[in-house]
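Chemist:
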Amino acid sequence: MPGPGKGQNGTARGQDGLGRIARGLARRLRGPERPLTVTDRLDRWAARIVEFGIVDRAYLEAQTGRTFATDAEAVSFYVHNDGRRGLSLSPLVEPEWMREHQPDARMSWYDALHQEGPELFQTGPLFDAGVWAASRPEGRRPASTLDALRDFLREASDETALPVPPGRRGDTPTWAAARDAALDNARAYAAAQHRTRRRYRQQWDGPTTEEALAALRRGAARRDAERPLVSVVMPVFRRPDVVAAAIRSVQAQIYPHWELLVVDDGSGDDTLDVVRAAAEGDDRVRVHERPNGGAGAARNTGLAAARGELVAFLDADNTWRPEHLAAAVAGVLDTGAPGAHTGLRMVGANNDDDATAPTETFRGEDGTVEDLRAGNFIDLNALVVRRDVADAVGPFDETLRRWIDWEWLLRIARHAGMPVYVPVIGVDYDNVRDVRRVSSGQPASWQEVALARHRLDWDALAAAPRTVGRVSVVVPTYRDWTMTRRAVDAVLGAADHDGDDVEVVVIDNGSPRSVTAVLDAWFRDEPRVVLQREDRNRNFALGSDLGLARSTGDVVVMLNNDTEVTTGWLRPLVTALDDPTVLGVQPLLLYPDGIVQTAGTVFGGDKVLPWHFLGEHPRYDATAALSDPAARRFSAITAAAAAFRAADLLRWHGFDPVYANGLEDVDLCLRALADSPAGSAFVVEPASVVVHHESRTEGRNDARIENRRVFDERWRGRYPAADAAPRYEPAGLRYAGVAPGMPKGHAVMVRSSRPVVVRSVPGVGVRSGAFGAGAGVAPRAPLRVAVKHDGSRPQDVAALVSGLEALGHLVQVDVPSAWYRGSSGLDDVTVLVASGTSSWVPQPGALNAAWGAVRAEDDYAVVLPADRPAAAILESVTAIG
Numbered sequence: 001m002p003g004p005g006k007g008q009n010g011t012a013r014g015q016d017g018l019g020r021i022a023r024g025l026a027r028r029l030r031g032p033e034r035p036l037t038v039t040d041r042l043d044r045w046a047a048r049i050v051e052f053g054i055v056d057r058a059y060l061e062a063q064t065g066r067t068f069a070t071d072a073e074a075v076s077f078y079v080h081n082d083g084r085r086g087l088s089l090s091p092l093v094e095p096e097w098m099r100e101h102q103p104d105a106r107m108s109w110y111d112a113l114h115q116e117g118p119e120l121f122q123t124g125p126l127f128d129a130g131v132w133a134a135s136r137p138e139g140r141r142p143a144s145t146l147d148a149l150r151d152f153l154r155e156a157s158d159e160t161a162l163p164v165p166p167g168r169r170g171d172t173p174t175w176a177a178a179r180d181a182a183l184d185n186a187r188a189y190a191a192a193q194h195r196t197r198r199r200y201r202q203q204w205d206g207p208t209t210e211e212a213l214a215a216l217r218r219g220a221a222r223r224d225a226e227r228p229l230v231s232v233v234m235p236v237f238r239r240p241d242v243v244a245a246a247i248r249s250v251q252a253q254i255y256p257h258w259e260l261l262v263v264d265d266g267s268g269d270d271t272l273d274v275v276r277a278a279a280e281g282d283d284r285v286r287v288h289e290r291p292n293g294g295a296g297a298a299r300n301t302g303l304a305a306a307r308g309e310l311v312a313f314l315d316a317d318n319t320w321r322p323e324h325l326a327a328a329v330a331g332v333l334d335t336g337a338p339g340a341h342t343g344l345r346m347v348g349a350n351n352d353d354d355a356t357a358p359t360e361t362f363r364g365e366d367g368t369v370e371d372l373r374a375g376n377f378i379d380l381n382a383l384v385v386r387r388d389v390a391d392a393v394g395p396f397d398e399t400l401r402r403w404i405d406w407e408w409l410l411r412i413a414r415h416a417g418m419p420v421y422v423p424v425i426g427v428d429y430d431n432v433r434d435v436r437r438v439s440s441g442q443p444a445s446w447q448e449v450a451l452a453r454h455r456l457d458w459d460a461l462a463a464a465p466r467t468v469g470r471v472s473v474v475v476p477t478y479r480d481w482t483m484t485r486r487a488v489d490a491v492l493g494a495a496d497h498d499g500d501d502v503e504v505v506v507i508d509n510g511s512p513r514s515v516t517a518v519l520d521a522w523f524r525d526e527p528r529v530v531l532q533r534e535d536r537n538r539n540f541a542l543g544s545d546l547g548l549a550r551s552t553g554d555v556v557v558m559l560n561n562d563t564e565v566t567t568g569w570l571r572p573l574v575t576a577l578d579d580p581t582v583l584g585v586q587p588l589l590l591y592p593d594g595i596v597q598t599a600g601t602v603f604g605g606d607k608v609l610p611w612h613f614l615g616e617h618p619r620y621d622a623t624a625a626l627s628d629p630a631a632r633r634f635s636a637i638t639a640a641a642a643a644f645r646a647a648d649l650l651r652w653h654g655f656d657p658v659y660a661n662g663l664e665d666v667d668l669c670l671r672a673l674a675d676s677p678a679g680s681a682f683v684v685e686p687a688s689v690v691v692h693h694e695s696r697t698e699g700r701n702d703a704r705i706e707n708r709r710v711f712d713e714r715w716r717g718r719y720p721a722a723d724a725a726p727r728y729e730p731a732g733l734r735y736a737g738v739a740p741g742m743p744k745g746h747a748v749m750v751r752s753s754r755p756v757v758v759r760s761v762p763g764v765g766v767r768s769g770a771f772g773a774g775a776g777v778a779p780r781a782p783l784r785v786a787v788k789h790d791g792s793r794p795q796d797v798a799a800l801v802s803g804l805e806a807l808g809h810l811v812q813v814d815v816p817s818a819w820y821r822g823s824s825g826l827d828d829v830t831v832l833v834a835s836g837t838s839s840w841v842p843q844p845g846a847l848n849a850a851w852g853a854v855r856a857e858d859d860y861a862v863v864l865p866a867d868r869p870a871a872a873i874l875e876s877v878t879a880i881g
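If you read the sequence shown in UniProt numbering, its first letter stands for residue 1, the second for the next number, and so on.
1) When the Cα atoms are used, what is the spatial distance from P580 to V608?
2) Out of A297, A444, V449 and D265, point me to the one whose CA is closest to G394's CA.
3) Identify the residues that DSSP records as bridge partners of M558: which are they?
4) For Y820, count the other beta carbons within 10 Å of its own beta carbon; 16 or more makes it buried, fewer makes it exposed. Which is it?
5) Do W403 and W446 come within 9 Å of each other at the CB atom, strictly closer than that value?
6) To the nearest angstrom, how far is the alpha carbon of residue 940 from that of D388?
7) How is I425 classed by DSSP in three states: helix, strand or coil?
8) Excluding the five sequence neighbours on either side, which residues of its own chain have a C-beta within less than 6 Å of the C-beta of E616, listed in chain order?
9) Under a Cβ-count criterion, where at least 16 other Cβ atoms within 10 Å of its own Cβ denotes burial, should S839 be classed as buried or exposed?
10) Once DSSP output is grouped into helix, strand and coil, what is the label at F682?
11) For D371, tell me which candidate among L400, A337, D334 and L410 has the shortest Cα-Cα distance.
12) Quick one: which unbroken alpha helix (DSSP H) runs of 4-plus residues sit fully inside the UniProt domain "Glycosyltransferase 2-like" (472 to 585)? Chain order, please.
13) Taking the straight line between their C-alpha atoms, what separation do you get for A703 and P165?
14) Let me know if P740 comes out buried or exposed under the rule of 16 or more other beta-carbons within 10 Å of its beta-carbon.
15) By how many angstroms is the C-alpha of R66 removed from the C-alpha of A74?
16) Do the region 192 to 199 and the region 177 to 184 touch if we need at least three Cβ pairs shorter than 8 Å?
17) So R187 is in the alpha helix (DSSP H); what residue range does that whole segment cover?
18) Alpha carbon to alpha carbon, what distance is there between A450 and S511?
19) Is the CB-CB distance between F603 and Y478 below 9 Å?
20) Is the region 360 to 367 in contact with the region 338 to 346, if contact means three or more CB pairs nearer than 8 Å?
21) Please state if the CB of R784 and the CB of P610 are separated by a distance shorter than 9 Å.
22) Buried or exposed: where does G763 fall if 16 or more other Cβ atoms within 10 Å of its Cβ makes it buried?
23) What residue ranges within the region 97 to 158 form continuous beta strand (DSSP E) runs of no fewer than 3 residues, ordered along the chain?
24) Are the CB atoms of T271 and A235 within a distance shorter than 9 Å?
25) Label N431 either buried or exposed according to how many other C-beta atoms from any shown protein chain fall within 10 Å of its C-beta, with 16 as the threshold for buried.
26) What residues in its chain sit with their C-beta under 6 Å from that of E398, if we drop five residues either side in the sequence?
27) Helix or strand or just coil, what does DSSP make of D241?
28) Are the beta-carbon atoms of L92 and L153 separated by less than 9 Å?
29) I'd like to know whether the C-beta atoms of R470 and D501 end up nearer to each other than 9 Å.
30) Helix, strand or coil, according to DSSP, for S231 in the structure here?
31) Taking only three categories from DSSP, how would you classify G605?
32) Relative to the C-alpha of A846, which candidate in S835, V862 and G852 has its C-alpha closest?
33) Which residue's Cα is closest to the Cα of D391: L310, A328, L670 and E116?
34) Q202: buried (16+ other C-beta within 10 angstroms of its C-beta) or exposed?
35) How many angstroms separate the CA atom of W204 from the CA atom of I425?
36) Helix, strand or coil: which one does DSSP assign to W406?
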C-alpha cells in the first residue's frame, strides 16, 4: 500500500482531473466566451482606479455639477466620459501634465500609475512623487508614484506643504489651501459649462400651453382688462416668398390688440407689392419704406413709429403661433419684468454641411444676466418688451452688422433686468441656411464686437490710475498650457534677472478645464500673475483687450503665448517709448532655429496685404537692414510681441474684435497713425530678441478670408504708401514685387502677398577690407553661406563659421528645421556638416559643398571627408569668392 503522503497526492491529482473535466463540460455548455467590449474594458479600469485609493469624489462632483453615491459610481462616470470632457479625479493628478512627465507618454495616466514602476514622476503641477519620497524617512519611502500618492493622502494633514515640482514660483501651498482652490476652480468651470451649454433640444420638454398660461392667471386677467397695445416691428428685405406668411401669423394672434409696422429696407423688388396685398383691408398693418440700411436701421424705423405700450419683433422669414402674444403679454404683466420671451420650434439645420444635425429642434429657457453675457439664448422673434424699457436703452446699434439683437438685449438686462421666460412655443423659426440672411454674409466675430460694448468701459479704464514703471504683459491663450506656462515663466525669469517690475495677465479664452487648472495651480502663489478665464473663446483681439482692462502698468506688452522672451528683452522696448513719436515697439522675432520670423511689417501698395519684413531670412539680413535707426520706423508692427503706452492703447480702444486672429494688429497701427501727429511711427528694436514658436492653435486661421475682407473694406484707398523697396537695400537685397498668394477666387477681395526678393548688384553691403582687396581693386560682395548641420559636430561647425566670418562672409547656421527656409534661394554656397549619410537635397543654383558622408547619388561641387580640417572647406569657399 502507498504511504500517507503518496496516497494524499494521488487523491489530489484525481480531484484535479475531475475538476478539469467539470470545467470543460461547463465551458461547452456556456458556449464560446464573449469577447470583451470597450465598455467591459472601461469597467475593468474603473474597478482598478477605485483600488488606487486616490479618488477625490468631491473634486469630480465640483467639475461636473453632479453628485455620486460612491467612489465606484464617480469613477465609472469618469472613465466613460473622460475622453471628451477632460476631467480629473484628484487635484494631485492632472492627466495632461502626467503625459509630459510619465515614462511612456503613450499610456493613459491610470495605466502609467498601474504599472507601479520604479520611476517617481510628477502627477500634476502640485505633486512630485520624487520630492515627496525624498521627504519621507528612509524605511518608509514610497517605491512607486502610486505609492507616493497613497502615502501622501494617508499621512498629510491640512497644513502639510505640498511636494510641488521644482520651478514652481511663490510660496509652497498647504494641502488644504491647494484643494480649496482646486475645488473653487472646478465649480467655476462647471458653472461656465452650464452657461455655454448647447441650448437646442430635439424634443419640447416644457409644459403644455394650457399649463403654462394657467400659471399666469393674474397677468392674463390684467391683459384682458387693460388690453395694452403691442407694436410689432417687422423689417423685410427682398423676401417676397415668405413675408406674407409672417404677416398672416400676426393677424392670426388670439390677442387682437396689436399694430404691425412692416419696414421695407429698400428691397427694390416685388416685396412691397406682396406686403400691401397681405395688409389690404387690415388697418392695423402699416407699411414704411426706407433706403437699405440693414436690419438694425429698419427696426429703428419701426420703433420710432410705434405707438404701443409694448413692442414685439418678427422677421419676415419666421412666423408666430396664435398664442405667442397672449402668453408673452401675460408674462410681462404677471411678473413686472422688462419683457417676456417664449419658446421656439426651429426647422432646418443652419449649417448646410452638417448632415447629422436634426431638422427640428426646440429652444427656450430662463437664465441670468451672466448666462446672457456668455451667449444669447433669447431670440428677438420671441421677445415682447415694455416700451418704456425700449426707450430707456435706446435704438438698435446700426454700426453692428451681426448680433444686433443680442447687444440690445444686453442693454435691457443691464438697465432693467432679465425678461421673463414663458414656456410656450410661440415661434416657428426658419433655421435653414440662407445666403440672404445677415448671419450668412457677415463674420462670426461680430459677436465679440457686440460683447465688447458691455465688457469694456474705455472712458472708465482711461481714468483709472496706473502704476508708473510697471510693465503689464498680456498673454491670451486658447487650449494650451504648455507653451503658456513656458512663456510666463520666461517673462518672470527675465524680470528676476533684469530687475524689472512686471505683472503678467493671462486670459484663458474658454479653454478646456485642464488649461485653467494647470495654469492656476502653477502660478496661484506668484503675485505677479493674474489669471482670468473666459467662458468662450474671445479670440486674440477681445482677449487682449480684456487683459488690458485687468492690467495695472503704465506700459503694456502684448505677447503671444507661443513666445519665449530672453534676458534683456524688455528695457530696450520701454526705452524706445521714451520718444513721443514712437507709438509702439516690437522686438526682433526669431524662430527657435534662429531664422527671422518678422523684423517689422511692410506694405506693397493698395490692395496688397502687408507682410512680415525679412520673414524666413537669416538674422544677419535683419542686422543689416535695421542698422540705421531711421530704418527701424514702420507703419505697423506685429502684436505677437509689442510694447505700448497703456494710455495710448486705451485711447485707441485696443484691438478691434471684428478681426478673428488676423490683421487686428495692423488695423490697430493704422488707426493709431490716423489719430497721431505727423511723424509718428512704430519701431522695431533689434536689441530686444524674442523667440516665436508660432503654434498652430486649433481654428486660428478659420477666419482669414473674412479678416482680409474687413481690412480691405476699411482701408481700401488708404493703405500706407509702398515702403518695401528701400527696406531691403541695406541688406544687399532687391525687392522685385509681390507674388499673389492664396486664396484664388472671384469672391476674394484681397489675396495674401509674398515678396519677390533677389540679390542686389555686387558690391552692395560689402564690409570694408573684406577678402583682402588691395589698392585699386574693387571689393567684392561677401558670399551668403549657409552651413547646414544636424547637431552632431558642433566644434567643427563653430570652427567653420568662425573662419568664414573672419573672411567677411555672411554665415547662417541652419539646423534641420531651417534647411529649406524660404530665403535659401538667395544663398551662394551651402555647406553640409553631418556625421552620417545625409538626406538633405542640395540647393539649386548654389555651390553645394559637403563635409562628411553623403549619398552617392547626390551631386556636390565639393566633397570632403569628415576628418579633413575646416581649412579645406574655407579654401574652397574663398576660391569661389
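We put the beta carbon where it would ideally sit given N, CA and C, even for glycine. These numbers were taken from a predicted model, which means no experiment stands behind them.
Modeler: On the basis of the data shown:
1) The residue you call residue 580 lines up with position 580 of the sequence shown. The residue you call residue 608 lines up with position 608 of the sequence shown. Looking at the two C-alpha atoms, the distance is approximately 30 Å.
2) For the purposes of this step, residue 394 is identified with residue 394 of the sequence shown, where counting begins at 1. The option with the nearest alpha carbon to G394 is A297.
3) Locating residue 558 in the sequence shown gives position 558, where the first residue counts as 1. Answer is V474 and A642.
4) Within the sequence shown, the letter at position 820 stands for residue 820. Per the 10 Å Cβ criterion, exposed.
5) For the purposes of this step, residue 446 is taken as residue 446 along the sequence shown, with counting starting at 1. For the purposes of this step, residue 403 is taken as residue 403 along the sequence shown, with counting starting at 1. It is a contact, given that the beta carbons lie within the stated cut-off.
6) Residue numbering for the chain in the displayed model covers 1 to 881; residue 940 lies beyond these limits and cannot be assessed.
7) Residue 425 sits at position 425 when you count from the first residue of the sequence shown. Strand, per DSSP.
8) Along the sequence shown, one-based indexing puts residue 616 at 616. The answer, listed in chain order, is I595, R821, G822 and S823.
9) Translated into the one-based positions of the sequence shown, residue 839 becomes position 839. S839 comes out exposed.
10) Taking the first residue of the sequence shown as position 1, residue 682 is located at position 682. If DSSP states are grouped into helix, strand and coil, F682 belongs with the strands.
11) As a position in the sequence shown, residue 371 is number 371, starting the count at 1. Taking only the C-alpha atoms, the option nearest D371 is L410.
12) Taken in chain order, the whole alpha helix (DSSP H) runs of length 4 or more contained in the UniProt domain "Glycosyltransferase 2-like" (472 to 585) are 482 to 498, 513 to 523, 539 to 550 and 570 to 576.
13) Position 703 of the sequence shown, counted from the start, is the residue given in the question as residue 703. Position 165 of the sequence shown, counted from the start, is the residue given in the question as residue 165. Looking at the two C-alpha atoms, the distance is approximately 39 Å.
14) Here residue 740 is taken as the residue at index 740 of the sequence shown, counted from 1. Label assigned to P740: exposed.
15) Counted from its first residue, the sequence shown places residue 74 at position 74. Counted from its first residue, the sequence shown places residue 66 at position 66. Cα to Cα, A74 sits roughly 9 Å from R66.
16) no
17) In the sequence shown, counting from the first residue as 1, residue 187 sits at position 187. That run of the alpha helix (DSSP H) goes W175 to R195.
18) Here residue 511 refers to the residue found at position 511 when the sequence shown is read from its first residue. Here residue 450 refers to the residue found at position 450 when the sequence shown is read from its first residue. Going by the C-alpha atoms only, they are around 21 Å apart.
19) Taking the sequence shown and counting its residues from 1, the one referred to as residue 603 is at position 603. Taking the sequence shown and counting its residues from 1, the one referred to as residue 478 is at position 478. Not in contact: F603 and Y478 (Cβ atoms no closer than 9 Å).
20) yes
21) As a working note, residue 610 is residue 610 in the sequence shown. As a working note, residue 784 is residue 784 in the sequence shown. No, these two residues do not count as a Cβ contact at 9 Å.
22) As a first step, residue 763 must be located in the sequence shown, where it is residue number 763. With a pLDDT of 36 at G763, under the threshold of 50, the predicted position of this residue should be treated as unreliable, though the coordinate-derived value follows. Flag for G763 reads exposed.
23) 122 to 124
24) Within the sequence shown, the letter at position 235 stands for residue 235. Within the sequence shown, the letter at position 271 stands for residue 271. Ala is not the amino acid found at residue 235; the sequence shown has Pro there. Cβ atoms of P235 and T271: not closer than 9 Å.
25) For the purposes of this step, residue 431 is taken as the residue at position 431 of the sequence shown. It counts as buried.
26) To locate residue 398, count along the sequence shown from 1; it is residue 398. The beta carbon of E398 is closer than 6 Å to those of G296 and A297 in its chain, skipping five residues each way along the sequence.
27) Within the sequence shown, the letter at position 241 stands for residue 241. The answer is coil: DSSP assigns D241 none of H, G, I, E or B.
28) The count along the sequence shown starts at 1 and reaches residue 92 at position 92. The count along the sequence shown starts at 1 and reaches residue 153 at position 153. Contact: yes.
29) Residue 470 sits at position 470 when you count from the first residue of the sequence shown. Residue 501 sits at position 501 when you count from the first residue of the sequence shown. Closer than 9 Å, so yes.
30) Position 231 of the sequence shown, counting from 1, holds the residue named residue 231. When DSSP states are grouped into helix, strand and coil, S231 belongs to the strand group.
31) For this step, residue 605 is matched to residue 605 along the sequence shown. Secondary structure at G605: coil, using DSSP grouped into helix, strand and coil.
32) On the sequence shown, residue 846 is found 846 positions in, with the first residue counted as 1. Considering only alpha carbons, the answer is V862.
33) Position 391 of the sequence shown, counted from the first residue, corresponds to residue 391. Of the listed residues, the one whose Cα sits closest to D391 is L310.
34) In the sequence shown, residue 202 corresponds to position 202, counting from 1. Exposed is the call here.
35) In the sequence shown, the residue the question calls residue 204 occupies position 204. In the sequence shown, the residue the question calls residue 425 occupies position 425. Approximately 9 Å between the Cα atoms of the pair.
36) What you label residue 406 is simply residue 406 of the sequence shown in a count that begins at 1. DSSP places W406 in helix when its eight states are reduced to three.
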